[in-house]
Structure formats: structure tokens, C-alpha cells
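Read through the structure below, which is laid out as C-alpha cells, and then see the notes.
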Amino acid sequence: MSALKKENIDRLKEVIVKFLPEGHVFYDEDAYRQAGEIFCSRMLREKFFHFTMMISYGVMVSIQEFAERSDKLVYINAEIIVERESQKAVIIGKGGESLKKTGAYARKSLSTSWKKYFWICESRERMEKQQELCRDSMIRNNPS
172 MSALKKENID RLKEVIVKFL PEGHVFYDED AYRQAGEIFC SRMLREKFFH
222 FTMMISYGVM VSIQEFAERS DKLVYINAEI IVERESQKAV IIGKGGESLK
272 KTGAYARKSL STSWKKYFWI CESRERMEKQ QELCRDSMIR NNPS
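To convert, note that position 11 of the sequence shown is 182 in the working numbering; the numbers rise steadily by one, no gaps.
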């Protein structure tokens with residue numbers, strides 16, 4: 172057996188599964204999806220921090236859709252929410268360059284982490300502070 176050469180890995184899994192006790196499911200089916208949403212939201216926000224340090228604390232990312240469309244593709248529709256109208260220009264950048272650069276950087280990081288291709292779509296129509304949405308997203312993104 173060799174993990175490096177990927178030899179007999181399936182056989183090892185079979186042997187391990189034989190010894191696992193049967194029992195009830197600890198997590199519901201949505202737990203994996205929700206964890207993925209939270210991870211992606213934080214990853215996108217971190218990339219905005221990297222490119223726009225002066226307003227990064229005023230940026231929030233709300234995942235509107237998170238769908239694994241195949242074994243190799245994950246689709247994310249995210250809303251980028253800023254505190255003030257004036258911050259939109261910095262986030263979007265001239266001709267959308269800042270938003271494109273941030274999205275590309277986030278896609279690369281997510282693809283490397285998950286070994287899947289990510290398609291990220293940013294919704295721009297609601298890039299403003301909305302109390303109810305902010306409150307909801309802060310609760311979902313800080314599960315303490």
C-alpha cells in the first residue's frame with residue numbers, strides 16, 4: 172500500500188468501513204452545504220481584504236446560491252454588500268477590474284482547496300447596506 176503512489180487506497184477504505192460501527196447520522200444533509208457556504212463567504216471576504224484593505228471591514232459577502240452541479244463544478248452566486256454607497260466604486264473598480272480580479276483570485280484559492288472548479292457570480296444590484304440582510308448574514312457566518 173502506498174498513499175504516495177495511490178496504490179490499494181480503495182482496499183484500505185473497504186477494510187476501515189468494515190470496522191466502523193453502524194449508527195444514526197450526526198449531521199443533516201444541509202450541514203455540508205452550509206459549511207461550504209460559510210467557507211466560501213469567508214474566503215471571498217478575505218480576497219476583498221487582500222485587494223481593498225481600506226474598506227475591507229465594511230464588506231460583507233452573502234451567499235445566495237451554492238450548488239454542486241457535478242463532481243467537478245461548484246456554482247456560487249454571492250452578493251457583495253458594502254456599508255456606504257461610495258465604497259461600491261472601490262469594490263467594483265474601473266470597468267469592473269477590481270471585482271474581476273478578486274473573483275479570479277477567490278476561484279483559484281477555492282479550486283485549489285476543494286479540487287473542484289468554481290464558478291462565482293457576483294450580484295451587483297443590491298450592493299448596499301441593508302440591516303435585515305446584514306443581521307441575517309452575520310448570524311449565519313458567525314455560528315458561535
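Idealized CB from N, CA, C, for every residue including glycine. Since this is a predicted model, take the numbers as computed values, not measurements.
Out of Phe222, Ala174, Lys286 and Arg255, the CA that lies nearest to the CA of leucine 270 is found in Phe222. For leucine 281, the closest C-alpha among the options Gly266, Val253, Glu236 and Arg213 is that of Arg213.
Excluding sequence positions up to five before and after glutamate 178, its CB lies within less than 7 Å of the CB of Met172, all in the same chain and listed in chain order. Just so you know, the alpha carbons of valine 186 and valine 245 end up roughly 31 Å apart. In chain order, Lys218, Phe219 and Phe222 place their CB closer than 7 Å to the CB of threonine 273, counting only its own chain and leaving out the 5 sequence neighbours on each side.
With 16 or more other CB atoms across the displayed protein chains lying within 10 angstroms of its CB, isoleucine 234 is buried.
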